[in-house]
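Sequences listed follow chains A and B, in order.
Here the working numbering is used: the first residue of the first sequence is 15, the next is one more, and so on.
Here the working numbering is used: the first residue of the second sequence is 101, the next is one more, and so on.
Working notes, beginning with the structure itself.
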Amino acid sequence: MGLKNIVKSANKGIRELDAERLVDRFAELNLTPLGEVAVRTKVKVCGEVKRMTMKPRSGIPSMEIVINDGTGQVTVIFSGRRHISGIEHGGCLAVEGVAHRERNSTVFLNPAYTLLPHGAE
Amino acid sequence: MAGFITLMATSTKSSAVKRFFIGKPISSADDANHRLPKKIALPVFASDAISSTAYATEEILIVFLSLAGAGVAAYNNLVPLSIMVVVLLAIVVSSYRQTIFAYPNGGGSYVVSRENLGKYPSLVAGGSMLVDYILTVAVSVAGGTAAIISAFNGLAPYRVELCVGFIALITIANLRGLKESGSLFAPPTYLYIICLFSLIGVGLFKVFILDLPPISHDSEVAKELLSQTNSVTLFFFLKAFSSGAVALTGIEAVADGVPAFKKPEPKNASITLVIMAFILGTSFFGLSVLAQHLQPLKDHEGLIRDTVLAQLAEQVYGGRNIFFFVTQFATFGILILAANTGYADFPRLSSIIAKDNYMPRQFMNRGDRLVFSNGVIFLGVSSGALVVIFGGLVNALIPLYAVGVFTGFTLSQAGMFVRHRRLKEAGWVPRAIMSAFGASTTALVAGIVVVVKFADGAWIPAVVIPTLVFCFVAINRHYTRVRSFLNVQDGYTAPFHTHFVIVLVGSVNQGTLHAIRYAQSLRPDRLIAISVVETAEDRQKIDEAWIKFNLSDVELQTITSEYRDLTEPILNRIDELDAEYDDDLITVIIPEFVTSVRSQWLHNQSALAIKARLLFRPNTVVTSVPIVIP
């Protein structure tokens with residue numbers, strides 16, 4: 015038990031460290047923080063690409079991208095394609111659209127997106 | 101190092117090594133053929149008790165001469181004390197004869213007190229006996245080594261090494277099986293009994309008829325010891341008595357091991373017990389009388405190397421001749437065999453306790469040769485450690501000894517008393533009185549041993565035995581908890597789970613493809629391939645391979661690792677997936693390369709780390725898909 019807790023807290027340290035880095039990175043953009051995204055209203059958010067998933071959604075290929083800005087994370091789904099040039103791990107993505115809840119994540123379906131250059135803008 | 105790993109990992113090779121030392125496996129059906137006839141059972145079970153004559157007299161003398169500083173007056177106390185010990189022996193033996201008939205399936209203190217006194221007394225008895233078996237091995241081997249050193253004084257610097265070596269040899273002999281080691285060790289016991297009686301007979305003849313003078317001592321230590329004139333206080337008298345009482349250790353072995361005798365077991369065991377008690381009593385008394393007249397010397401620091409027995413033999417046989425050496429070797433032999441008694445009984449008792457769920461189940465497992473191998477190994481290791489800690493000196497170990505045995509005697513006889521009162525068989529009254537008398541006598545002795553030797557080391561068993569009882573109870577609680585948890589009610593059906601299967605992908609290779617095919621064959625609710633990537637190129641490479649090998653119907657997730665760690669992101673991802681459903685079961689599939697023993701360590705290190713972390717995760721199955729690389 016003790017060991018598990020130590021590992022957990024060390025792990026938490028890394029997550030917090032990363033969150034701080036991300037908050038710093040996106041602070042000056044003044045967009046809605048991902049942790050506070052309201053559903054069914056149009057919002058503009060951005061975050062760093064944390065996970066990319068290529069999966070068939072009802073037989074059609076689709077691409078799910080999880081972005082994180084240090085306050086929270088959302089899933090962005092682009093259906094009908096397996097690849098979008100420019101979107102890669104570590105890159106930044108700004109997204110404008112209406113979010114909805116799917117299971118326990120916040121999802122944007124085919125939103126308008128902007129690729130942000132590396133580093134703060 | 102490489103050789104060692106080879107030995108551990110390659111099953112065929114390690115079993116060849118095992119075969120060489122342990123012998124070929126014996127089938128369970130051969131159990132009955134491993135019963136002992138009386139003439140073999142006597143050395144196996146009685147050698148412990150009889151062998152204590154080799155050091156009991158000496159231990160009494162050490163207390164009088166070295167600790168009490170009584171000088172020549174010490175010898176006058178020797179015979180009265182040995183009479184007390186012999187009386188105690190008679191009491192305990194007659195009580196144990198009843199136990200043998202009452203418990204033909206082996207009535208050690210543990211069994212008797214479990215059935216008559218309840219849980220805690222039986223655990224105390226069990227713990228005491230286990231501790232004492234370990235000490236039996238340690239003391240006997242130390243005593244045997246002392247006999248060898250008395251014969252060859254040059255070996256004195258290697259005392260501890262010799263002890264450890266002997267323990268290792270006995271352990272291996274016992275891993276080979278009880279009967280074989282019994283017939284291997286039987287001759288020394290009989291040789292020792294012959295040597296002992298001839299030493300006593302010839303000695304007493306020379307002393308009383310030929311007026312053999314006492315041994316002349318000319319060393320400084322000896323003169324100093326003999327010049328002291330302190331009077332023997334009650335404290336030291338009791339201390340000497342409790343040293344002498346170690347002669348009784350090992351009597352319980354026969355009652356413990358009744359099932360190992362040939363049929364009819366109780367009768368054979370009881371006859372063996374009486375023969376043993378007779379030999380023990382007469383030889384112990386005879387040695388004391390001889391020692392009174394010949395006045396051998398011994399101190400508690402081991403400055404005088406020769407044992408009392410060696411000094412007596414040298415004086416009686418008139419020097420270090422063939423008779424002297426035969427006596428020394430016979431002494432050594434029986435002490436080694438006495439250690440063997442511990443090996444006959446420790447594993448047996450620990451298996452009984454384990455069967456009652458108070459000790460780890462592993463002690464119940466019989467090995468290839470029908471012996472309780474784990475008990476044998478445990479005993480060898482712990483007694484070896486004791487010998488090393490106490491420098492292989494008998495008299496340093498003696499205060500630890502006897503506490504457990506007399507606790508065991510007391511509980512066993514108290515148990516028999518309760519049993520007599522409960523069953524009220526014909527003629528139970530005198531037997532019950534006998535048991536009650538025996539119980540109170542041995543309880544008194546146990547008390548005396550703890551009090552007068554507390555500072556010398558008797559505190560160690562006084563601490564260890566309660567600790568052991570605590571462990572027994574804790575282990576039992578655990579087993580009970582597990583059993584009640586696993587217990588199923590009638591009509592119970594196992595629940596369905598949402599089944600996630602996660603395949604960990606390093607790069608796309610043959611192993612990955614096999615693992616994914618295997619994962620698909622499980623027909624999970626959701627199949628996910630997860631890969632930790634560092635750069636965009638890594639991800640693109642995997643994505644291209646995904647299309648190339650027609651895997652696009654398999655969900656592929658790539659995650660980044662900000663701090664280049666592989667394990668953490670994967671575990672976090674599993675946690676996230678796990679949180680999505682309440683009733684889910686996650687199978688993590690890891691493709692692994694199986695190469696030769698020499699190069700296996702070059703692979704799968706990260707897989708090993710992940711597997712280690714997932715071991716205690718609930719609702720998680722970890723599967724390795726082996727890819728054999730010839």
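For glycine and all other residues, C-beta sits at the position ideal for the given N, C-alpha and C.
As computed with DSSP, residue 668 of chain B is found in no beta bridge at all. Following the DSSP letters along the chain, one finds residue 271 of chain B inside the alpha helix (DSSP H) bounded by residues 259–276. Only exposed fits residue 683 of chain B, as fewer than 16 other CB atoms lie within 10 angstroms of its CB. Three or more Cβ pairs closer than 8 Å define a contact, and the region 667–683 of chain B meets that threshold against the region 594–607 of chain B. About 41 Å separates the beta carbon of residue 355 of chain B from that of residue 171 of chain B, a gap too long to meet the 8 Å contact definition.
Not flagged as an interface residue toward chain B: residue 95 of chain A, since no C-beta distance is shorter than 7 Å.
Comparing C-alpha distances from residue 231 of chain B to each of B:421, B:499, B:200 and B:218 shows the shortest one belongs to B:499.
In the displayed model, residue 365 of chain B falls within a helix according to three-state DSSP. Residue 66 of chain A: member of the beta strand (DSSP E) spanning 56–71, first to last residue.
Taking the beta carbon of residue 639 of chain B as reference, the chain A residues within 9 Å of it are 66, 102 and 103, listed in sequence order.
For residue 38 of chain A, no Cβ of chain B is located within less than 7 Å of the residue's own Cβ.
Within 8 Å of the CB of residue 117 of chain A, the CB atoms of chain B belong to 680, in sequence order along the chain.
Within the same chain, 96 come within 6 Å of residue 75 of chain A by CB-CB distance, once the 5 residues on both sides are set aside. Excluding its 5 nearest sequence neighbours in each direction, residue 45 of chain A has C-beta neighbours in its own chain below 6 Å: 58, 59 and 60, listed in chain order. Only 64, 65, 66, 67, 68, 69, 70 and 75 from the region 61–90 of chain A bring a Cβ to less than 7 Å from some Cβ of chain B.
Counting only runs that start and end inside the region 588–657 of chain B, the alpha helix (DSSP H) elements of at least 4 residues fall at 610–621 and 636–648.
For residue 692 of chain B, no CB of chain A lies under 7 Å from its own CB, so it is not counted at the interface with that chain. Approximately 7 Å separates the beta-carbon atoms of residue 28 of chain A and residue 668 of chain B; this is inside 8 Å, confirming the contact.
Contact between residue 89 of chain A and residue 48 of chain A does not hold, since their C-beta atoms are separated by about 11 Å, which reaches or exceeds 8 Å. Fewer than three beta-carbon pairs drawn from the region 560–580 of chain B and the region 649–658 of chain B are found closer than 8 Å, and the two stretches are therefore not classed as touching. Between the C-alpha atoms of residue 42 of chain A and residue 612 of chain B there is a straight-line separation of about 43 Å. For the pair residue 343 of chain B and residue 560 of chain B, the CB atoms are not nearer than the 7 Å cut-off. Here the C-alpha atom of residue 466 of chain B lies approximately 21 Å from the C-alpha atom of residue 237 of chain B. A contact is defined here as three or more CB-CB pairs under 8 Å, and the region 568–588 of chain B fails this definition with respect to the region 511–521 of chain B. Taking the CA atoms as reference points, residue 273 of chain B sits about 23 Å from residue 494 of chain B.
Residue pairing by DSSP puts residue 720 of chain B in a beta bridge opposite B:686. Following the DSSP letters along the chain, one finds residue 560 of chain B inside the alpha helix (DSSP H) bounded by residues 559–586. Setting aside the 5 residues that flank it on each side, residue 622 of chain B is surrounded in the same chain by 599, 601 and 687, each with a C-beta closer than 8 Å to its C-beta; the list follows chain order. Of all residues in the region 496–525 of chain B, none is placed with a Cβ closer than 7 Å to any Cβ belonging to chain A. Where residue 221 of chain B is concerned, the enclosing alpha helix (DSSP H) starts and stops at 219–251. Below the 9 Å Cβ cutoff, chain B contributes no neighbours of residue 98 of chain A, its closest Cβ being approximately 12 Å away.
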